[in-house]
Amino acid sequence: MMRRTFTLQLKPFSVNAMYGRDRNRKTADCYDWEMQACHLLRQAEPAKALKELREAFDVSKHCYVFRFTFAFHSSIFFTKDGAISSRSFDLTNVEKILADILCGPKYHEAPAPQGAPNLNIDDKLVLQVTSRKIVQQQPGYSIRVAIAIVDKPRPPSA
């Protein structure tokens, strides 16, 4: 089927930092990260990829598969003694908010800077999320996003 990829020059954001102590409101840092992510999704490469995916997607026939590659400069990825640093994040904590931004209708419908044209679907239509962390040569962070459209599974026959 169809597959599109793009890279976001963006530091991952952990779901652990999404909410304040009361767990009812997102933190200011979370709102800032969402606006940065939406800004990047409005750029030419991601916007084109997401538009092509939206146009090719048929909710009655398809689902999505996500592959995320979170890249960190070695000074972030490793501690001074060579261990993997906590600054390279727990993968399961950084997948959620990224998937929400890529899928969520609320982001698709919101004007800039709070929103960006994304996949505009319920994330229940994402069948698989695969993530990995790698070391990159460039300073800072990047997130490589690969999204594929796949056939929806069929229910078992009765």
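Numbering (our numbering), first residue to last: 9 to 166.
Positions of the beta carbon are idealized from the N, C-alpha and C atoms, including for glycine.
Could you tell me the distance, in whole angstroms, from the CA atom of residue i to the CA atom of residue j?
i, j, result
"Arg-31", "Ser-165", "43 Å"
"Asp-40", "Asp-66", "32 Å"
"Ala-64", "Pro-163", "23 Å"
"Ala-154", "Lys-34", "27 Å"
"Val-137", "Asp-89", "31 Å"
"Leu-49", "His-116", "10 Å"
"Tyr-27", "Cys-38", "8 Å"
"Pro-119", "Arg-62", "18 Å"
"Arg-12", "Ala-25", "29 Å"
"Thr-100", "Asp-131", "16 Å"
On the criterion of 16 or more Cβ atoms from any shown chain inside 10 Å, does residue i qualify as buried, or is it exposed?
i, result
"Ala-36", "exposed"
"Ser-94", "exposed"
"Ala-57", "buried"
"Ile-92", "exposed"
"Ile-142", "exposed"
Below 9 Å between beta carbons: does that hold for residue i and residue j?
i, j, result
"Phe-85", "Val-102", "no"
"Met-10", "Glu-53", "no"
"Phe-76", "Arg-140", "yes"
"Ile-105", "Val-23", "yes"
"Asn-128", "Pro-147", "no"
Can you find the residues in the same chain that come closer than 8 Å, C-beta to C-beta, to residue i, ignoring five residues on each side of it along the sequence?
i, result
"Gln-44", "Leu-18"
"Tyr-149", "Gln-17, Leu-18, Lys-19, Pro-20, Phe-78, Ala-79, Phe-80, His-81, Ile-84"
"Lys-69", "Asp-159, Lys-160"
"Cys-71", "Leu-133, Val-134, Leu-135, Ile-157, Val-158, Asp-159, Lys-160, Pro-161"
Residues in the same chain with beta-carbon distance under 7 Å from residue i, minus the five sequence neighbours each way, listed in chain order, please.
i, result
"Pro-121", "Met-43, Cys-46, His-47"
"Ala-124", "Cys-46, Leu-49, Arg-50, Tyr-115"
"Gln-144", "Ala-79, Phe-80, His-81, Ser-150"
I'd like the list of long-range same chain contacts for residue i, defined as Cβ closer than 6 Å, with 5 residues on each side in sequence excluded.
i, result
"Arg-152", "Thr-15, Thr-77"
In chain order, what are the residue ranges of uninterrupted beta strand (DSSP E) at least 3 long that sit wholly in the segment 58-146?
Counting only runs of at least 3 residues, the segment 58-146 fully encloses the following beta strand (DSSP E) elements, listed from N- to C-terminal order: 70-81, 134-144.
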